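J.: Pasting a structure below so you can have a look.
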Amino acid sequence: MARSGQHFLQIPGPSPVPERVRQAMDRQVIDHRGPEFGLLGREVLAGCRSIFKTSRPVVIYPSSGTGAWEAAIVNTLSPGDRVLMVETGQFATLWRQMAGRLGLEVEFIPGDWRRGAPPDAIEARLAEDRTHAIKAVMVVHNETSTGALSSVPAIRRAIDAVGHPALFMVDTISSLGSAEYRHDEWQVDVTIACSQKGLMLPPGLGFNAMSDKALAASRTNRMPRSYWDWAEMLKPNASGFFPYTPATTLLYGLREAIAILHEEGLDAVFARHHRLAAATRAAVRVWGLEVLCLEEAEYSPVLTAILMPSGHDADNLRKVVLETCDMSLGAGLGKLAGTVFRIGHLGACNSLVLAAALSGVEMGFSRAGVPHREGGVAAALAVLEGRGGGEVQTQAGRGRAA
Ligand code: PLP
36 MARSGQHFLQ IPGPSPVPER VRQAMDRQVI DHRGPEFGLL GREVLAGCRS IFKTSRPVVI
96 YPSSGTGAWE AAIVNTLSPG DRVLMVETGQ FATLWRQMAG RLGLEVEFIP GDWRRGAPPD
156 AIEARLAEDR THAIKAVMVV HNETSTGALS SVPAIRRAID AVGHPALFMV DTISSLGSAE
216 YRHDEWQVDV TIACSQKGLM LPPGLGFNAM SDKALAASRT NRMPRSYWDW AEMLKPNASG
276 FFPYTPATTL LYGLREAIAI LHEEGLDAVF ARHHRLAAAT RAAVRVWGLE VLCLEEAEYS
336 PVLTAILMPS GHDADNLRKV VLETCDMSLG AGLGKLAGTV FRIGHLGACN SLVLAAALSG
396 VEMGFSRAGV PHREGGVAAA LAVLEGRGGG EVQTQAGRGR AA
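Count the sequence shown with this note's numbering and you get residues 36 to 437, in order.
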């Protein structure tokens with residue numbers, strides 16, 4: 036079908052790549068063992084520390100986020116180790132599956148896929164574990180399948196409250212660069228991330244940030260590994276190089292993306308995401324639909340998952356929106372397939388892009404015959420203008436948008 040103008044990529048990652056980042060990558064490949072690469076390597080490795088907020092090493096793999104999950108496990112744990120995970124949604128479920136395949140004994144705190152990881156349940160389970168059989172607590176910071184953000188500091192406090200020595204691993208795959216995150220201050224042992232979401236890059240880079248405790252664990256753990264081995268990576272990283280061919284082109288993009296994030300300022304970036312999320316929720320309320328996440332304090336700044344009215348198929352809505360507005364919305368994943376759609380408002384997203392995206396959703400509702408109240412976009416505009424905190428303000432918004 037012929038299209039004019041731009042495609043709207045409003046899935047919760049990969050997120051659109053800014054022009055500056057694309058241009059930074061539009062260059063000839065260089066010798067990854069030459070001096071020019073060493074400079075780039077040192078710059079991006081230092082730059083990553085400023086984004087993860089750590090003074091310790093960050094390693095960069097040519098991988099997707101799933102690879103970075105595996106790297107975190109194989110570098111710190113041993114076959115048969117018991118780990119505690121929380122069923123926040125589809126990604127927590129997939130990480131659990133991987134942990135099982137790698138020979139870990141997983142205890143999975145059940146969840147309803149509508150909220151973040153509960154610190155009290157984690158604390159209660161760790162308190163029972165007097166022999167310290169549990170070797171790691173592993174949580175997803177921003178559960179991309181549900182739009183619920185877990186409180187990493189609260190989980191850290193829960194672990195500390197019972198003096199448990201388990202490693203603390205956090206998947207920030209869809210939160211890093213979009214939601215506040217502090218690897219050192221929050222005493223996370225392994226932070227897992229990737230390139231295609233808050234970092235505004237194409238897919239292809241996976242990251243592990245580590246603590247001294249995680250590094251110490253990596254010296255004695257017994258999980259076989261080669262490609263993912265931190266020690267192999269850290270040796271050449273010290274001078275900016277990699278043990279095998281790195282994703283050179285993406286690293287140029289990463290350098291530019293880090294510069295963009297610092298030019299705006301990380302706090303301003305996070306505030307922008309909160310504003311976009313609040314505007315989205317204001318639209319949802321006016322439409323008369325339900326945000327999937329049930330806990331206000333856990334609303335994701337990265338994406339909003341929205342429940343369809345019963346009897347209406349989310350995938351049909353997404354199809355209609357793609358065909359008529361050239362916009363991609365996120366599908367419901369796993370057990371949420373068909374009942375939920377997701378709007379990504381992460382990375383380089385700004386007020387006008389979000390306003391357009393919400394307009395596409397509102398038009399899509401009409402075209403797909405989804406019952407809703409009009410005026411959602413107008414309510415969102417009011418929030419984006421700073422005329423409200425995101426609560427229902429239908430009338431004011433409608434007046435402005437008309
Ligand atoms: N964890 C979370 C929270 C995610 O959102 C994703 C992907 O969207 C993954 C893990 C898996 O990452 P990837 O698809 O890059 O392997």
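Note that beta-carbon positions come from the ideal geometry of N, C-alpha and C, so glycine has one too. Keep in mind the model is a prediction, meaning the values are calculated, not measured.
Could you tell me the distance, in whole angstroms, from the CA atom of G100 to the CA atom of I208?
T.: By one-based count along the sequence shown, residue 100 stands at place 65. By one-based count along the sequence shown, residue 208 stands at place 173. Spanning the two alpha carbons is a distance of roughly 6 Å.
J.: Check the C-beta distance from V94 over to R260 and give it rounded, since I have them as a contact under 8 Å.
T.: By 1-based counting over the sequence shown, the position of residue 94 is 59. By 1-based counting over the sequence shown, the position of residue 260 is 225. Contact flag wrong, Cβ pair sits at about 13 Å.
J.: Around the C-beta of V52, are 16 or more other C-beta atoms found within 10 angstroms, so that it is buried, or is it exposed?
T.: Within the sequence shown, the letter at position 17 stands for residue 52. Its Cβ being crowded by 16 or more others within 10 Å, V52 is buried.
J.: In chain order, what residues of the same chain lie with their CB nearer than 8 Å to the CB of V56, ignoring the 5 residues before and after it?
T.: To locate residue 56, count along the sequence shown from 1; it is residue 21. The residues are M235, L236, G288, E291, A292 and I295.
J.: Evaluate D155 with the Cβ neighbour count: other Cβ atoms within 10 Å of its Cβ, from every protein chain shown; 16 or more gives buried, anything less gives exposed.
T.: By 1-based counting over the sequence shown, the position of residue 155 is 120. Exposed, by the Cβ-count rule.
J.: Going by the CB atoms, is the gap between T89 and S185 shorter than 8 Å?
T.: As a working mapping, residue 185 is identified with position 150 in the sequence shown. As a working mapping, residue 89 is identified with position 54 in the sequence shown. Result no, Cβ atoms of S185 and T89 do not sit closer than 8 Å.
J.: Keeping to the same chain, check which residues put their C-beta closer than 7 Å to that of S335; ignore five residues upstream and five downstream.
T.: On the sequence shown, position 300 is the one that residue 335 refers to. Within the same chain, S335 has close Cβ partners N177, G182, A183, L184, A312 and C328.
J.: Could you tell me the alpha carbon to alpha carbon distance between I157 and C384, rounded to whole angstroms?
T.: For the purposes of this step, residue 157 is taken as the residue at position 122 of the sequence shown. For the purposes of this step, residue 384 is taken as the residue at position 349 of the sequence shown. Each residue's Cα considered, the two are about 34 Å apart.
J.: Let me know if W96 comes out buried or exposed under the rule of 16 or more other beta-carbons within 10 Å of its beta-carbon.
T.: Residue numbering aside, residue 96 sits at position 61 when the sequence shown is read from its first letter. In the sequence as presented, Trp is not what sits at residue 96; that position holds Tyr. With 16 or more other Cβ atoms within 10 Å, it is buried.
J.: From this set, G233, K232, G82 and L211, which residue's C-alpha is nearest T226's C-alpha?
T.: Against the sequence shown, residue 226 aligns to sequence position 191. Per the Cα distances, L211.
J.: Under DSSP, the alpha helix (DSSP H) around Q63 begins and ends at which residues?
T.: Against the sequence shown, residue 63 aligns to sequence position 28. Looking at the DSSP string, Q63 is not in any alpha helix (DSSP H), and its letter there is neither H nor E.
J.: Runs of 3 residues minimum, wholly inside the region 93-141: which ones carry the beta strand (DSSP E) assignment?
T.: Fully enclosed beta strand (DSSP E) runs of 3 or longer: 93-96 and 117-121.
J.: With distance defined between alpha-carbon atoms, name the residue in G76, E142 and A59 nearest to A273.
T.: Within the sequence shown, numbered from 1, the residue matching residue 273 stands at position 238. For the residues G76, E142 and A59, the minimum Cα distance to A273 belongs to G76.
J.: Using a Cβ-based criterion (distance less than 7 Å to any ligand heavy atom), does N243 qualify as near the ligand PLP?
T.: Locating residue 243 in the sequence shown gives position 208, where the first residue counts as 1. Result no, Cβ not under 7 Å from the ligand PLP.
J.: Can you tell me which of the three DSSP states R435 falls into?
T.: As a working note, residue 435 is residue 400 in the sequence shown. Confidence is the limiting factor: at R435 the pLDDT is only 26, short of 50, which leaves the residue's position unreliable, though a coordinate-based value still follows. Here R435 sits in helix by DSSP.
J.: Would you grab the beta carbon distance between I303 and V418 for me? Rounded to a whole angstrom, and I think it's under 8 Å.
T.: As a working mapping, residue 303 is identified with position 268 in the sequence shown. As a working mapping, residue 418 is identified with position 383 in the sequence shown. In the sequence on display, residue 303 carries Ala and not Ile. Contact flag wrong, Cβ pair sits at about 17 Å.
J.: Count Cβ pairs between the region 368-379 and the region 335-347 that sit closer than 8 Å; are there 3 or more?
T.: A contact exists between the region 368-379 and the region 335-347.
J.: Apart from the five residues just before and just after E105, which ones in its own chain have a Cβ nearer than 8 Å to its Cβ?
T.: Reading the sequence shown from its first residue, position 70 is the one you call residue 105. Hits under 8 Å: M133, L137 and W263.
J.: Give a single yes or no on whether F126 has its beta carbon closer than 7 Å to a heavy atom of the ligand PLP.
T.: Indexing the sequence shown from 1 puts residue 126 at position 91. Answer for F126: yes, Cβ within range of the ligand PLP.
J.: Can you check which of these residues, T128, G369 and H347, is closest to G404 by C-alpha distance?
T.: Walking along the sequence shown from the start, residue 404 turns up at place 369. Minimum Cα distance to G404 is reached at H347.
J.: Closest to L202 by CA distance: which of L324, P47, C229 and H167 is it?
T.: For this step, residue 202 is matched to residue 167 along the sequence shown. Answer by Cα proximity: H167.
J.: First and last residue of the beta strand (DSSP E) that includes V175?
T.: One-based indexing of the sequence shown puts residue 175 at position 140. That run of the beta strand (DSSP E) goes I169 to V175.
J.: Pop quiz: V175 and F126 are said to be a contact at Cβ under 8 Å. What is the actual Cβ separation, rounded to whole angstroms?
T.: The residue given as residue 175 occupies position 140 in the sequence shown. The residue given as residue 126 occupies position 91 in the sequence shown. That pair is a contact at about 5 Å.
J.: Any heavy atom of the ligand PLP within a distance shorter than 7 Å of the CB on E122?
T.: Taking the first residue of the sequence shown as 1, we reach residue 122 at position 87. Result no, Cβ not under 7 Å from the ligand PLP.
J.: Helix, strand or coil, according to DSSP, for Q428 in the structure here?
T.: Here the question's residue 428 lines up with position 393 in the sequence shown. Bear in mind that the predicted position of Q428 carries a pLDDT of just 32, short of 50, making it too unreliable to give a figure here.
J.: Based on DSSP bridge pairs, tell me the residues matched to S363.
T.: The count along the sequence shown starts at 1 and reaches residue 363 at position 328. DSSP lists L44 as partners of S363.
J.: Should P200 go down as buried or exposed, given a rule of 16 or more other Cβ atoms within 10 Å for buried?
T.: Position 165 of the sequence shown holds residue 200. Under this definition P200 is an exposed residue.
J.: Could you round the C-beta distance between L381 and G233 to whole angstroms and report it? I think they count as a contact, below 8 Å.
T.: Numbered from 1 along the sequence shown, position 346 holds the residue referred to as residue 381. Numbered from 1 along the sequence shown, position 198 holds the residue referred to as residue 233. Right, their Cβ atoms sit about 6 Å apart.
J.: Under 8 Å Cβ to Cβ from I194, same chain only, skipping five residues before and after it: list those, please.
T.: Working through the sequence shown from its first residue, we reach residue 194 at position 159. Here the set comprises I157, E158, L161, V172, A201 and F203.
J.: Excluding the 5 residues preceding and the 5 following V141 in the sequence, name in chain order all residues of the same chain whose CB lies nearer than 6 Å to its CB.
T.: Translated into the one-based positions of the sequence shown, residue 141 becomes position 106. The answer, listed in chain order, is V118, M120, R131, A134 and G135.
J.: Does the Cβ of L416 have 16 or more other Cβ atoms within 10 Å, making it buried, or fewer, making it exposed?
T.: To locate residue 416, count along the sequence shown from 1; it is residue 381. Counting Cβ neighbours within 10 Å, L416 comes out buried, since at least 16 surround it.
J.: Are there 16 or more other CB atoms within 10 angstroms of the CB of R150, so buried, or fewer, so exposed?
T.: Here residue 150 is taken as the residue at index 115 of the sequence shown, counted from 1. When all chains shown are included, R150 counts as buried.
J.: Out of A349, R402 and C360, which has the shortest C-alpha to C-alpha gap to A366?
T.: Within the sequence shown, numbered from 1, the residue matching residue 366 stands at position 331. The option with the nearest alpha carbon to A366 is A349.
J.: T226: beta carbon under 7 Å from a heavy atom of the ligand PLP?
T.: Locating residue 226 in the sequence shown gives position 191, counting from the first residue. For the ligand PLP, not one heavy atom lies less than 7 Å from the Cβ of T226.
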